[in-house]
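So the sequence shown is numbered by our numbering: it starts at 32 and just counts up by one. Using N, Cα and C, we set each Cβ at its ideal position, and we do this for glycine too.
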Amino acid sequence: MIRRIHHVGIVVKRLTEAYAFYRDVLGLPLVREAQLADQGVRAALLAAGDSEIELLEPLGPSTPVGRFLARRGEGLHHLCFETPDVGASLVVLKDRGVELLDTAPRPGLAGQIGFLHPRACSGVLVELATPPGPTIEEPSALRLKRLVIGAEDVRATAGIFQSLFGFPEVAMNGGPRTMLAVGRGTLLVVPAHEVGGTAGMVALSCVAEDFSALTASLRKAGTPRLDGTGEVTVEPAGSHGVHLHISRYTFP
Ligand code: CO
């Protein structure tokens, strides 16, 4: 029932400051910005290849996102999958006894949306969305390829995502990690001890359409980062709390 990773939600202090990095330095085009009073946020979607990045600025400190910001700081907040009929998907999940925050769809920035309870997906806050019309992929300098999830028990966490959403496992050479395909993107579940003990969303991987232009843009902006061969890791201080890996090539 899931077509793709629709977006990854990132909490930021101020949209304008986050635009300076995500739109201006990384080159992700702004698709839409709106105030969502019921979610207590001003939110923006930026195109990132087959997926989007959603930036969330809290409208006040007592909103859920405001409390998240006070507790955890800026960074990865939720993961959204596109489904052709979010209402039907929520009914199926509810019938299976899955804990939901929304039992019926409501309007969101991505179309009709509904959230699962984080307890339903090993501490990852998952949103489902049905966009209003067909997806038009906007050209963007980066393509979102992979979300890394830390887990105390990799098999159990990957099993939950497989069982709820039917994501097939991508063959890997054994080892303690599990990769699941979601449309053209992937979820990589890794042991929490490999990622500083963090359970939940820990990092994003993207592919640059023009790697040398991208690294030039990061250099010009003075973005804190680690430069590797054919890859660069932006430090969370430079990317509003997100561990962001950008590579030259599409990796397997
Ligand atoms: Co969202």
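- Short of 7 Å from the beta carbon of Arg-45, and not among the five residues preceding or following it, lie these beta carbons of its own chain, in chain order: Glu-88.
- Within the region 51-129, the complete alpha helix (DSSP H) segments at least 4 residues long are 95-103, 117-126, listed from N- to C-terminus.
- For Ala-141, the shortest C-beta to heavy atom distance toward ligand 1 is below 7 Å.
- According to the DSSP assignment, Phe-242 belongs to the alpha helix (DSSP H) that extends over 242-252.
- DSSP places Phe-196 in the helix class (H, G or I) of the three-state scheme.
- The bridge partners DSSP lists for Glu-262 are Ser-278.
- Here Glu-168 is actually not in contact with Asp-69; their C-beta atoms are around 29 Å apart, not less than 8 Å.
- Around the Cβ of Thr-217, a 10 Å sphere holds 16 or more other Cβ atoms; the residue is buried.
- DSSP, read as helix, strand or coil, puts Leu-156 in coil.
- In the structure shown, His-224 adopts helical secondary structure according to DSSP, grouped into three states.
- Contact between Gly-106 and Val-273 holds: CB atoms are separated by about 6 Å, below the 8 Å threshold.
- A Cβ-Cβ contact shorter than 8 Å links Leu-175 with Cys-237.
- If you draw a 10 Å sphere on the C-beta of Gly-231, you find 16 or more other C-beta atoms in it, and that means buried.
- Closer than 7 Å to some heavy atom of ligand 1: that does not describe the Cβ of His-271.
- Here Tyr-280 is exposed, its C-beta having fewer than 16 other C-beta atoms within 10 Å.
- Of the other Cβ atoms in all chains shown, fewer than 16 fall within 10 Å of the Cβ of His-224; this residue is therefore exposed.
- Taking every protein chain shown into account, the CB of Ser-171 has 16 or more other CB atoms within 10 angstroms, so this residue is buried.
- Chain-ordered, the residues whose CB falls short of 5 Å from any heavy atom of ligand 1 come out as Gly-40, Glu-85, Cys-111, Glu-158.
- Taken in chain order, the whole beta strand (DSSP E) runs of length 3 or more contained in the region 128-152 are 137-139, 142-146.
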